[in-house]
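Q:
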Amino acid sequence: MFVRPLRSVSIAASLVGAGLNFVLAARLLGLWRSLGWESETEWEASGDVWRVDSVKIVWGLLSTYFAAASLACFVGFVGLAKTIPSFVRFYRDYSIADFAFITVSTLFVSYTSYSTPYVRTGVCEELSRHPDLMRDMVEMGLNVENCELWFDRAVVGMIGIMFILIVIRLHTLIALSKHYRYMWRDAAINKSQHTSLRQLNTDSLHRIYLLPTPTSPPVVFDGVQPLRHIITLPLSLG
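Structure below.
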């Protein structure tokens with residue numbers, strides 16, 4: 004009775020997740036060109052090589068994460084829409100791992116942002132080294148002058164949004180787990196029924212009755228009156 008609503012919720016969550024993660028991955032790739040990969044002078048290059056590499060790593064990890072999340076959600080959508088248990092199991096396992104990762108990351112970022120004040124300064128200094136990226140983020144209200152204030156507000160807003168998303172994802176994850184359990188149970192029942200039908204259709208021993216014909220002469224054993232016996236014999240019916 005509750006299978007259809009659980010399936011609908013899971014399909015909607017996988018479709019929204021695939022679209023949202025794809026948009027975020029495309030947005031990050033669009034901002035990729037705004038990063039300054041080369042320094043203007045040899046002196047700057049020797050001093051900023053590790054900083055530029057760290058930005059590359061973070062940017063690449065974020066892009067890869069959202070692209071992989073979009074692909075995993077799409078696989079889950081296909082599995083839920085076409086009732087493919089292996090796809091649904093993969094999507095469920097991914098959702099559990101991603102939910103744990105997002106929850107731990109949110110708690111870690113929340114604690115680090117408020118326990119270490121120098122994080123804001125370090126982030127703003129790193130962003131100031133990429134003027135092209137700062138120009139692209141002007142539409143979000145970010146500039147060099149208000150970077151630290153903007154960072155504080157952004158962290159508060161992101162933490163609030165992430166906790167709301169965590170609650171929503173928890174409910175959708177419970178719905179997905181229940182739907183997969185129902186799907187696995189139905190698949191097991193169908194498999195057992197199919198196996199039993201195959202056993203009935205295969206060659207096996209069947210018991211049949213051999214009845215004497217009316218013209219068969221009675222058999223007398225040592226003066227004892229003949230008895231009519233029903234004889235059963237297992238035979239193989241091919």
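Using my numbering, read the sequence shown as starting at 4 and increasing by one per residue.
For every residue, glycine included, the Cβ atom is placed at its ideal position computed from N, Cα and C.
If you reduce the DSSP assignment to three classes, tell me which class Gly144 lands in.
A: Taking the first residue of the sequence shown as position 1, residue 144 is located at position 141. If DSSP states are grouped into helix, strand and coil, Gly144 belongs with coil.
Q: Using DSSP with H/G/I as helix, E/B as strand and the rest coil, what is Asn24?
A: Position 21 of the sequence shown holds residue 24. Here Asn24 sits in helix by DSSP.
Q: Rounding to the nearest angstrom, what Cα-Cα distance links Pro2 and Glu151 in this structure?
A: The question about residue 2 has no answer here: the residues shown for the chain are numbered 4 through 241.
Q: Verify whether the separation of the beta carbon atoms of Trp153 and Gly144 is less than 8 Å.
A: In the sequence shown, the residue the question calls residue 153 occupies position 150. In the sequence shown, the residue the question calls residue 144 occupies position 141. Result yes, Cβ atoms of Trp153 and Gly144 sit closer than 8 Å.
Q: Give a yes or no on contact between the region 11 to 24 and the region 161 to 179, applying the rule of three or more CB pairs nearer than 8 Å.
A: Output reads yes: the region 161 to 179 touches the region 11 to 24.
Q: Between Leu9 and His182, which are expected to be in contact by the criterion C-beta below 8 Å, what is the C-beta distance as a whole number of angstroms?
A: Position 6 of the sequence shown, counted from the first residue, corresponds to residue 9. Position 179 of the sequence shown, counted from the first residue, corresponds to residue 182. His182 and Leu9 do touch by the CB rule: their CB atoms are close to 4 Å apart, below 8 Å.
Q: Just reading off the alpha helix (DSSP H) that Ile105 is part of, what are its end residues?
A: Your numbering for residue 105 matches position 102 in the sequence shown. That run of the alpha helix (DSSP H) goes 88 to 118.
Q: In terms of alpha-carbon separation, which member of Thr115, Met140, Tyr114 lies closest to Gly33?
A: Position 30 of the sequence shown, counting from 1, holds the residue named residue 33. The candidate whose alpha carbon is nearest that of Gly33 is Met140.
Q: Using a threshold of 8 Å, state whether the C-beta atoms of Ala70 and Tyr97 are closer than that.
A: One-based indexing of the sequence shown puts residue 70 at position 67. One-based indexing of the sequence shown puts residue 97 at position 94. Cβ atoms of Ala70 and Tyr97: not closer than 8 Å.
Q: Nearest to Gly63 by alpha carbon, out of Tyr117, Met161, Ala28?
A: For the purposes of this step, residue 63 is identified with residue 60 of the sequence shown, where counting begins at 1. Nearest of Tyr117, Met161, Ala28 to Gly63, Cα basis: Ala28.
Q: Give me the residue from Arg156, Gly82, Glu129, Gly20 with the minimum Cα distance to Val61.
A: Locating residue 61 in the sequence shown gives position 58, counting from the first residue. Looking at the Cα atoms, Glu129 is the closest of the given residues.
Q: Hey, could you find the ends of the alpha helix (DSSP H) Arg138 is sitting in?
A: As a position in the sequence shown, residue 138 is number 135, starting the count at 1. 134 to 139 is the span of the alpha helix (DSSP H), which, as asked, contains Arg138.
Q: Taking just the CA atoms, how far does Gly20 sit from Val26?
A: As a working mapping, residue 26 is identified with position 23 in the sequence shown. As a working mapping, residue 20 is identified with position 17 in the sequence shown. Approximately 10 Å between the Cα atoms of the pair.
Q: Please report the distance separating the alpha-carbon of Val112 from that of Arg30.
A: Start at 1 with the first residue of the sequence shown, and residue 112 comes out as number 109. Start at 1 with the first residue of the sequence shown, and residue 30 comes out as number 27. So the two alpha carbons sit approximately 22 Å from each other.
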